Amino acid sequence: MFIGQGRRTMPEQSGKVQTVLGLIEPGQLGRTMTHEHLTMTFECSHVPPAPGDEGLAAAPIEMKHLHWLQQNPYSHSENLLLNQEIEAVKEELLCYRKAGGGSIVENTTTGITRNLPVLRKLAKETGVHIIAGAGYYVDVTHSDETRKMTVEKLTDIIVSEVLHGADGTDIRCGVIGEIGTSWPITESEKKVLRATAHAQTQLGCPVIIHPGRNKAAPGEAIRILQEAGGNISKTVMSHLDRTLFDQQELLEFAKMGSYLEYDLFGTEMLNYPFNLDVDMPSDSQRVQALAFLIREGYEDRILIAHDIHTKHRLTKYGGHGFSHILKNIVPKMLSRGITQNQVDKILIENPKQWLTFK
Numbered sequence: 000m001f002i003g004q005g006r007r008t009m010p011e012q013s014g015k016v017q018t019v020l021g022l023i024e025p026g027q028l029g030r031t032m033t034h035e036h037l038t039m040t041f042e043c044s045h046v047p048p049a050p051g052d053e054g055l056a057a058a059p060i061e062m063k064h065l066h067w068l069q070q071n072p073y074s075h076s077e078n079l080l081l082n083q084e085i086e087a088v089k090e091e092l093l094c095y096r097k098a099g100g101g102s103i104v105e106n107t108t109t110g111i112t113r114n115l116p117v118l119r120k121l122a123k124e125t126g127v128h129i130i131a132g133a134g135y136y137v138d139v140t141h142s143d144e145t146r147k148m149t150v151e152k153l154t155d156i157i158v159s160e161v162l163h164g165a166d167g168t169d170i171r172c173g174v175i176g177e178i179g180t181s182w183p184i185t186e187s188e189k190k191v192l193r194a195t196a197h198a199q200t201q202l203g204c205p206v207i208i209h210p211g212r213n214k215a216a217p218g219e220a221i222r223i224l225q226e227a228g229g230n231i232s233k234t235v236m237s238h239l240d241r242t243l244f245d246q247q248e249l250l251e252f253a254k255m256g257s258y259l260e261y262d263l264f265g266t267e268m269l270n271y272p273f274n275l276d277v278d279m280p281s282d283s284q285r286v287q288a289l290a291f292l293i294r295e296g297y298e299d300r301i302l303i304a305h306d307i308h309t310k311h312r313l314t315k316y317g318g319h320g321f322s323h324i325l326k327n328i329v330p331k332m333l334s335r336g337i338t339q340n341q342v343d344k345i346l347i348e349n350p351k352q353w354l355t356f357k
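Quick note on numbering: numbering that gives the first Met the number 0 labels position 102 of the sequence shown as 101, and the sequence is numbered without any gaps.
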């Protein structure tokens, strides 16, 4: 199918969106959350509980402990095992569809327990279009084998996950990512970024990046992709709501041309354990950031989501669930001067443009 490095013929995916159930027309997507997890494990990010909190960290998840869990989600080991909640996630997806949701991009990659057969089952049983992610998460989850791979080998694996299927299945990924980077970006992560760019060049597919927790991280990841030939206009930078806070720095990054994703809606905590210098914004502040970017002319580049990756954010455990944006954030956006057309662009048109293979 591919002739020579960097040159591509037109794959069957061209002009389509690739879901776990097969190819669909871009117009079938509907409202789309571009950064979610439906089944994963996050043990790689476990944070030891504070002295005196060991009992809470080991206790079953209960309503009386909910506030502690919301403030310390990564110190409760069971909370990090979202893959145990398939039935609860199924119910969430049915509610999401009832609320007007159409599609979800499932960002679980190699290293955090991607489960494509479960994603296919969820898509069949709920009617929600699910797009799976190819590639690798952050360095701490890379196997020794992965670290030893060349860029060429990594490229071949990523391309195969999109063209033929991943994890020994025939279920094909429809995006590359979330590709994980730390700060500073490690050598293994740089190889994966370069492989991502090479695979994207061959496939014409969407890419999504997880930046390290430093204001320089998004720009550095984009620079590496760019130098390796990646298509930045078809690349999403995730987690900007916990990474770039200064408006001028945000605008400087926006000029690089990627999609700008605010994907932690529903997450409000006093102390962000992965970078204590960060003051995690509220949902109201996230909406203000969206309004600012729209005023600055970037409404075509904004994407939003919840990035649910722990149990406590499911409604089963008192969380906001996958319908929070549709039920609560959209009315807030409208009340703050963002128009319905702009909301539709962020939820429907921008995801459609990003997810369609060239």
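Ideal Cβ positions, reconstructed from N, Cα and C, are used throughout, including at glycine.
Values in this document were obtained by computation on a predicted structure and should not be read as measured data.
query                                                                                                        : result
Opposing strand residues paired with Q17 [DSSP bridges]                                                      : L22
As assigned by DSSP and simplified to three states, the class of T125                                        : helix
Unbroken beta strand (DSSP E) run spanning I175, endpoints                                                   : V174 to G179
Cβ-based neighbour list, W67, same chain, cut-off 6 Å, excluding 5 preceding and 5 following                 : L55
G100: first and last residue of the uninterrupted beta strand (DSSP E) it sits in                            : G100 to E105
Burial state of Q246, where buried means 16 or more other Cβ atoms lie within 10 Å                           : exposed
Sequence-distant residues of the same chain with beta carbon closer than 7 Å to E124, five excluded per side : K89
Simplified DSSP state of E11, which is helix, strand or coil                                                 : coil
Option in L269, F356, E260 and H311 with minimal Cα separation from I345                                     : E260
Delimiting residues of the beta strand (DSSP E) encompassing E226                                            : Not the beta strand (DSSP E): E226 falls in the alpha helix (DSSP H), residues A216 to E226.
Identity of the residues DSSP links to E35 by a beta bridge                                                  : E105
Under 9 Å between C-beta atoms of I221 and A198                                                              : no
Rounded Cβ spacing between M39 and H308 (contact assumed at less than 8 Å)                                   : 6 Å
DSSP three-state assignment for G54, whether helix, strand or coil                                           : helix
Rounded separation between T355 and K15 - CA only                                                            : 5 Å
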